[in-house]
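Position one of the sequence shown corresponds to residue 767 (the numbering used here), numbered consecutively onward. Glycine is no exception: its CB is placed at the ideal position from the N, C-alpha and C atoms. Here the structure is a predicted model, which means the values were calculated and not measured. Right, one structure below, let's go through it.
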Amino acid sequence: MKAKDDLCETSPHSELLNLLNVKLKKFNPIPEDRRGGEVRGGGNQLTPEEITTNSIRFYAEQLKDEKPVKIRIETFTSLGKGPLTSLIDRSSKVFLKHPTECKFFSLYGDQIIGAYAMTFDNILRLYANAVNKDNQIAQDFIRTQLVPAPMSLDEAIRSLYDDYGYQQNIIESLLPEDVKNLFFGENSLVSIADVAESKLLAFSLLGGKIDKFQNYEIFIVAPKSKKGLLGSNETIVISGSGQIYEVPLLNIPLALNVMRSLGFNAKIVLITHLHISDDSFCRVGDGGSWYHYKGKIKKAGCDFLSNAIMSLKEKTLPLSDDYGTYKNSIDRVNEILNN
């Protein structure tokens, strides 16, 4: 066990500094036999790929007696331009440790070799480091060679809670322009309120999948009108596992599109009438505003969230006037919540 632990250990920072301080002769892409003369015709000129290969070999030869250095991938993504350039010249002696596993990525010049899976939270954390340090090599690696580990259905829904976990520019830069245009409109920016939905969209674009053993059903229960709502403005989301979530600031059309892109069977139930008790209910009235009726008393406004949660738990949603429109979905929600 000790031997395995040693293999997984990263090097002390002093060893990284020692490697960065090794003096190297600078690589000249023009072969010695051509320096000082004119290359005619271009037939024997090196391609960019050949120049890169020769450069890597040139520096590797100078470093053949140096000790390899293992550093955390988090350290690599946090490097600025100067240290990063020095590290790339010394790539033959640098190995990057996976955040959670005993695996190491190899560097080949400015390329990180291989494709790897890790949790989406780790990917976002690494990417945020890379963007904030303008580390383009790490950004390209994360966008093209890291695949998020599968999420459960409930993890995907919980990710919709967090609009403030990452800066807008971090999530925006993960999304290709054509995708941003499709989901947000041409030349539109991701708003703060849509960061959580965009984060889940990025998960999908990076190749993330939902656990195949999960029930893929999701139901959103929302008021058809928002006029006259009292209390909290969270949106109710019911998962196929029987969990009821109250998601704040949910962009319902965007969330539905993203969920469906991940393979969810996502449906919405829009409520205009909510049964509360034998003599009490909420209804959308004139002008699209909600009213609360109790006996013969009518009051403006309705605490939709609390009453809808109660209706779901007490299985009284079929008493809504909207039952005829959404019968299949409401029946399925009751079936899921009964299990």
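Practice prompt. Can you check DSSP and say which residues form a bridge with H779?
Written response: The partner list for H779 (beta bridge, DSSP) is empty, contrary to what the question assumes.
Worksheet item: Taking the C-alpha atoms as reference points, what is the distance between N1017 and S991?
Response: If I take the Cα positions, the gap works out to 14 Å.
Discussion item. Within 8 Å, do at least three Cβ pairs link the stretch 958-973 to the stretch 938-948?
Written reply: Note that the stretch 938-948 touches the stretch 958-973; at least 3 beta-carbon pairs, one per stretch, sit closer than 8 Å.
Worksheet item: Any idea which residues DSSP pairs Q877 with across the strands?
Response: Answer is Y874.
Worksheet item: Does the count of Cβ pairs from the stretch 955-962 and the stretch 981-991 closer than 8 Å reach three?
Response: The stretch 955-962 is not in contact with the stretch 981-991.
Practice prompt. Take the Cβ of A1032 as the centre, count every other Cβ of all protein chains shown within 10 Å, and call the residue buried at 16 or more, exposed below.
Written response: That one is buried.
Worksheet item: Among residues of its own chain, excluding the 5 on either side of Q828, which ones have a beta-carbon nearer than 7 Å to its beta-carbon?
Response: Only residues of its own chain outside the window of five on either side were considered, and among them L790 and K791 have a CB closer than 7 Å to the CB of Q828, listed in chain order.
Discussion item. On the DSSP bridge list, what partners appear for N1031?
Written reply: N1031 is bridged to E983.
Item to complete: Would you kindly work out how many angstroms separate the C-alpha atoms of K1062 and I1096, rounded to a whole number?
Response: Looking at the two C-alpha atoms, the distance is approximately 28 Å.
Item to complete: Please state whether DSSP places I830 in a helix, a strand or coil.
Response: Reading the sequence as shown, one finds Lys at residue 830 and not Ile. DSSP places K830 in coil when its eight states are reduced to three.
Item to complete: Can you grab the Cα-Cα spacing for the pair I879 / L862, in whole Å?
Response: When rounded, the distance between both Cα atoms is 10 Å.
Worksheet item: Whose C-beta lies closer than 8 Å to the C-beta of E775 among residues of the same chain, with five residues either side of it excluded?
Response: The beta carbon of E775 sits closer than 8 Å to those of K836, all from its chain and outside the five residues before and after it, given in chain order.
Discussion item. Within a Cβ cutoff of 6 Å, which residues of the same chain sit near Y893, ignoring the five residues on either side of it in sequence?
Written reply: The beta carbon of Y893 lies closer than 6 Å to those of I908 in the same chain, with the five residues before and after it left out.
Worksheet item: By the 10 Å Cβ neighbour count, where 16 or more other Cβ atoms means buried, how is S872 classified, buried or exposed?
Response: Looking at its Cβ environment, which holds fewer than 16 other Cβ atoms inside 10 Å, S872 is exposed.
Item to complete: Could you please give the first and the last residue of the uninterrupted alpha helix (DSSP H) stretch that includes R891?
Response: F886 to N898 is the extent of the alpha helix (DSSP H) around R891.
Fill in: Nearest neighbour of S844, chosen from N898, K975 and L1078 [CA to CA]
Cα-wise, what sits closest to S844 is N898.
Fill in: Inter-residue spacing [alpha-carbon to alpha-carbon] between K1150 and K847
Here the chain covers residues 767 to 1105 and nothing more, so residue 1150 does not appear.
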